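Beneath this line is the structure, given in structure tokens, with notes to follow.
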Amino acid sequence: MQNRVPAVRPMTIRLETHVAVAVERVWAVLGTVEGMKRWFPNLDEYEPRVGGRIAFHYPLAGEPLYRMYGEVLTFDPPRELAFSWVQEEIGGSVWPVPTVVTIRLEPLARGTHVLLTHSRFEQLPKDIAAQAYADYLGGWTGDNVLGRLKAMLEAAA
Numbered sequence: 001m002q003n004r005v006p007a008v009r010p011m012t013i014r015l016e017t018h019v020a021v022a023v024e025r026v027w028a029v030l031g032t033v034e035g036m037k038r039w040f041p042n043l044d045e046y047e048p049r050v051g052g053r054i055a056f057h058y059p060l061a062g063e064p065l066y067r068m069y070g071e072v073l074t075f076d077p078p079r080e081l082a083f084s085w086v087q088e089e090i091g092g093s094v095w096p097v098p099t100v101v102t103i104r105l106e107p108l109a110r111g112t113h114v115l116l117t118h119s120r121f122e123q124l125p126k127d128i129a130a131q132a133y134a135d136y137l138g139g140w141t142g143d144n145v146l147g148r149l150k151a152m153l154e155a156a157a
């Protein structure tokens, strides 16, 4: 009898929306420092190119300051932006492996379909993976990230 390694179930957050503007207008946010800073006011650094750095900070109420940083993995105008994501609690722990945030744009007849995924939580140590997944699911939805992008773009239309 062979030893079987149990399959690891992928832990991926998946959020999507429709934005009633052309894909080029959405990419103007994702592909520029100015656009990303408007979408994410807590953006500290962004080099919009493969291999570039990206960094954010989050002062959560009553909790320590967190930094999230990574490297741009995919920069494919006007279709896809992906970057690695490592969380660091200032003065505390740092994730030993990165997760990945991917934003895909699909042009539609009347706007753009935006798909945001945050994946690879299952690669984190077991003692933090489930909590990190739950925290980020709550963060991405609670902060209304795609709703803010939609409102920002459609208000300027």
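With my numbering applied, the sequence shown covers 1 to 157. Cβ atoms here follow ideal geometry from the backbone N, Cα and C, with glycine treated the same way. Predicted model, so just to flag it, every value in this text is computed and none were measured.
Here valine 50 has Val72, Leu73, Thr74, Phe75 as same chain residues with Cβ atoms under 8 Å from its own Cβ, once five neighbours each way along the sequence are excluded. Classified as buried, leucine 146 has 16 or more neighbouring CB atoms from the shown chains inside 10 Å of its CB. Across the structure, valine 33 and phenylalanine 40 are spaced so that their CA atoms are roughly 10 Å apart. Taking the C-beta atoms as reference points, phenylalanine 83 is found nearer than 8 Å to isoleucine 54.
The alpha-carbon separation between histidine 57 and glycine 92 amounts to approximately 14 Å. According to DSSP, residue pairing for aspartate 76 in a beta bridge involves Glu80. Runs of alpha helix (DSSP H) with 4 or more residues, each lying fully within the region 18-66, are found at 23-30, 33-39, listed in chain order. Residue pairing by DSSP places serine 119 opposite Val100 in a beta bridge. If you draw a 10 Å sphere on the C-beta of lysine 126, you find fewer than 16 other C-beta atoms in it, and that means exposed.
About 6 Å separates the beta carbons of glutamate 16 and valine 114, which is inside the 8 Å limit, making them a contact pair. Here tryptophan 95 carries a coil assignment [DSSP, helix/strand/coil]. Here isoleucine 90 is not near arginine 110, since their CB atoms are 8 Å or more apart. If you look at methionine 152, you'll find it in the alpha helix (DSSP H) that goes 145-155. Judged by beta-carbon spacing, leucine 30 lies beyond the 8 Å limit of lysine 37, meaning their Cβ atoms are not closer than that value. Sequence-distant Cβ neighbours of tryptophan 27 in its own chain, meaning closer than 7 Å and more than five residues away, are Pro77, Pro78, Leu105. One alpha carbon belongs to leucine 116, the other to proline 59, and they sit about 23 Å apart.
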